[in-house]
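I have placed the structure first, in the form of C-alpha cells, so that the comments after it can refer back to it.
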Amino acid sequence: MYNIAIVGVTGAVGVKMLEVLNTRNFPIKELRIFASEKSKGKKISFRNEEYVVDIIQEDSFNNTHFVFCSADSSISKKIGPLVRKANSILIDDGNAFRMEENVPLVVPEVNEEDVDWHQGIVSIPNCTTTPLVMILHALNKYAQIQRVNVSTYQAVSGAGAQAVQELLEQTEQLVQHKQITPSIFSEQIIMNVIPQVDDFESNGYTKEEMKIVNETRKILHLDNLSVSATCTRVPTMVGHCESVLVDFDQEVDIEEVIKIISKQEGVVCRDFDNINNYPTPLNSTLDENVYIGRIRKDLSNKNSILFWLVSDNLLKGAATNAVQIAESIIKRNKLDY
Ligand SMILES: NC(=O)c1ccc[n+]([C@@H]2O[C@H](COP(=O)([O-])OP(=O)(O)OC[C@H]3O[C@@H](n4cnc5c(N)ncnc54)[C@H](OP(=O)(O)O)[C@@H]3O)[C@@H](O)[C@H]2O)c1
Numbered sequence: 007m008y009n010i011a012i013v014g015v016t017g018a019v020g021v022k023m024l025e026v027l028n029t030r031n032f033p034i035k036e037l038r039i040f041a042s043e044k045s046k047g048k049k050i051s052f053r054n055e056e057y058v059v060d061i062i063q064e065d066s067f068n069n070t071h072f073v074f075c076s077a078d079s080s081i082s083k084k085i086g087p088l089v090r091k092a093n094s095i096l097i098d099d100g101n102a103f104r105m106e107e108n109v110p111l112v113v114p115e116v117n118e119e120d121v122d123w124h125q126g127i128v129s130i131p132n133c134t135t136t137p138l139v140m141i142l143h144a145l146n147k148y149a150q151i152q153r154v155n156v157s158t159y160q161a162v163s164g165a166g167a168q169a170v171q172e173l174l175e176q177t178e179q180l181v182q183h184k185q186i187t188p189s190i191f192s193e194q195i196i197m198n199v200i201p202q203v204d205d206f207e208s209n210g211y212t213k214e215e216m217k218i219v220n221e222t223r224k225i226l227h228l229d230n231l232s233v234s235a236t237c238t239r240v241p242t243m244v245g246h247c248e249s250v251l252v253d254f255d256q257e258v259d260i261e262e263v264i265k266i267i268s269k270q271e272g273v274v275c276r277d278f279d280n281i282n283n284y285p286t287p288l289n290s291t292l293d294e295n296v297y298i299g300r301i302r303k304d305l306s307n308k309n310s311i312l313f314w315l316v317s318d319n320l321l322k323g324a325a326t327n328a329v330q331i332a333e334s335i336i337k338r339n340k341l342d343y
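In this note's numbering, the protein residues as written are 7 to 343.
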C-alpha cells in the first residue's frame with residue numbers, strides 16, 4: 007500500500023487521475039490532494055471517502071511514495087525539490103523535466119526499463135507523442151524507420167479544463183447567435199480548426215510540434231530519427247487524432263505491418279476486419295487503448311505506409327500513463343534511488 011499525493015486534482019487530467027487510480031485498483035494507503043488557492047477546502051470523493059483539497063506547503067509530500075503532478079510546468083518545477091527532499095517520486099505530466107538528461111520519459115509499453123535509472127522524477131510524454139511512439143515501437147520491429155511525418159487533430163481538453171469550458175460556451179453562443187470572443191485559444195474554436203497548439207518557436211514550428219520530434223527520439227532511443235509534425239486544434243472535447251506517414255528502409259508488406267501493429271500491447275486495430283470501422287474521437291475514447299485504423303500503403307512510395315490513430319489524451323495521453331509508470335516502478339522494485 008502506498009501513500010500518494012495528487013497535485014492539480016481539480017484539473018482536466020487530475021480528475022482522471024482519481025478515476026484511473028480507482029479503476030486500476032492502485033493500492034493506496036493514504037491520499038493527499040492539492041490544487042490552487044482557489045480550490046482550497048473543496049471536497050472530493052474517492053473510494054467512498056471524502057478528501058479536502060489543500061494547497062502545497064514545504065512538508066506536503068513527507069512520507070509519500072508517489073507524487074503525481076498534473077499542473078503547470080512552473081508548479082512542477084516548484085514541487086520538484088520538495089518531492090526530492092521527502093525522498094518521494096515525482097511522476098510529472100507536464101513539460102518541465104521531459105528533456106532533462108537524468109529524467110526518464112516513459113511509456114511503459116515501449117521503454118518501461120527506463121524507469122530503472124530515475125533519480126526521483128519520471129516524466130510522461132506529451133499526449134500526442136504517447137500514442138505515436140506506441141505504434142512506431144511496433145513498426146520498428148518490422149523494419150528500420152527512416153522518417154515520420156505526422157499531422158494532429160487535437161481535442162480542446164488537451165488545453166485543460168478552461169479550454170473545455172470555452173468550447174461549451176462558444177457552442178452555446180453560436181446557437182444563440184451571440185458574439186464569440188476567444189480567450190484560451192487564439193481564434194474561435196467552435197466551427198474552426200486552428201493550426202497552432204502551444205506557442206511558436208523561432209524555426210516556424212510550435213512547441214507542441216517540437217515536443218513530438220524531441221520526445222519521440224528520446225523514448226525510442228533513436229536520436230537521429232527524422233520526425234516532422236503539424237499540430238492543429240479541432241473542436242472536439244476528448245481524443246487526439248493523428249494522421250501519420252512512415253517511411254521504411256525497404257518495401258512494405260502491408261499485411262505483415264498490420265500483423266505487427268495488432269500484436270502491440272495497448273493498441274487496438276479497429277479496422278482489422280472491416281475498413282468502415284475506423285477510429286474516431288467519439289468511438290475510441292474513454293478507455294486506455296490507442297486505436298489505429300486506415301493502415302495502407304503509400305501510393306507515391308513503395309517503402310511507406312499511412313495510418314490514422316486516436317487516443318484519449320486524458321487517459322493514455324496523461325493519467326493512465328502516469329499510473330502505469332508508478333506500477334512499473336513498484337514492479338521493478340525501483341522505489342529507492
Ligand atoms: N490535458 C491533457 O490532455 C494533458 C495530457 C498530457 C499532459 N498534460 C499536462 O498535464 C498538466 C495539467 O493539464 P490539465 O489539462 O489538467 O490542466 P488544467 O485543467 O488547467 O488543470 C490545472 C490544475 O493545476 C492546478 N493548479 C494551478 N495552480 C496551482 C498551484 N499553485 N498549486 C497546485 N495546483 C495548482 C489547478 O487547480 P485549480 O483548479 O484550483 O486552479 C488544476 O487542478 C499540464 O502540465 C499539461 O501539459 C495534459
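Heads up, the beta-carbon is just placed ideally off N, CA and C, and yes, glycines get one too. None of these values were measured; they are calculated from a predicted model.
CB contact flag (residue i, residue j, <8 Å)
i: L96; j: V59; result: no
i: I85; j: V13; result: yes
i: I141; j: L315; result: yes
i: T222; j: T135; result: yes
i: I190; j: A165; result: yes
i: R30; j: V244; result: no
Ligand 1 heavy atom lying under 7 Å from the CB of residue i
i: S76; result: yes
i: K44; result: yes
i: I81; result: yes
i: N198; result: no
i: G86; result: no
i: D99; result: yes
i: G14; result: yes
i: Q168; result: yes
i: L312; result: no
i: N220; result: no
i: G272; result: no
i: V19; result: yes
i: C237; result: no
i: G47; result: no
i: L320; result: yes
i: A324; result: yes
i: S163; result: yes
i: C133; result: yes
i: F67; result: no
i: F191; result: no
i: A41; result: yes
Rounded distance between the beta-carbons of residue j and residue i, thought under 8 Å
i: E248; j: P137; result: 7 Å
i: S79; j: N101; result: 5 Å
i: Y57; j: I81; result: That pair is no contact at about 19 Å.
i: N255; j: Q150; result: With the sequence shown as reference, residue 255 is identified as Asp, and Asn is not the correct amino acid for it. 4 Å between Cβ atoms; contact.
i: V19; j: S66; result: At roughly 19 Å, the Cβ-Cβ gap does not stay under 8 Å, so V19 and S66 are not in contact.
i: H124; j: P114; result: Their Cβ separation, rounded to whole angstroms, is 13 Å, which puts H124 and P114 out of contact at 8 Å.
i: N295; j: V274; result: 5 Å
i: S163; j: L312; result: Going by Cβ atoms, the distance from S163 to L312 rounds to 26 Å, so no, they are not a contact pair.
i: T238; j: Q160; result: 7 Å
i: K340; j: D122; result: 6 Å
Strand pairing of residue i, partner residues [DSSP]
i: S317; result: H246 and V296
i: T134; result: DSSP output for T134 lists no bridge partner at all.
i: K49; result: V58
i: R338; result: In DSSP, R338 forms no bridge with anything.
i: N155; result: S234 and L251
i: F74; result: I12 and I97
i: R239; result: Q160 and I200
i: R302; result: L312
i: S82; result: Answer is none; S82 lacks a bridge partner.
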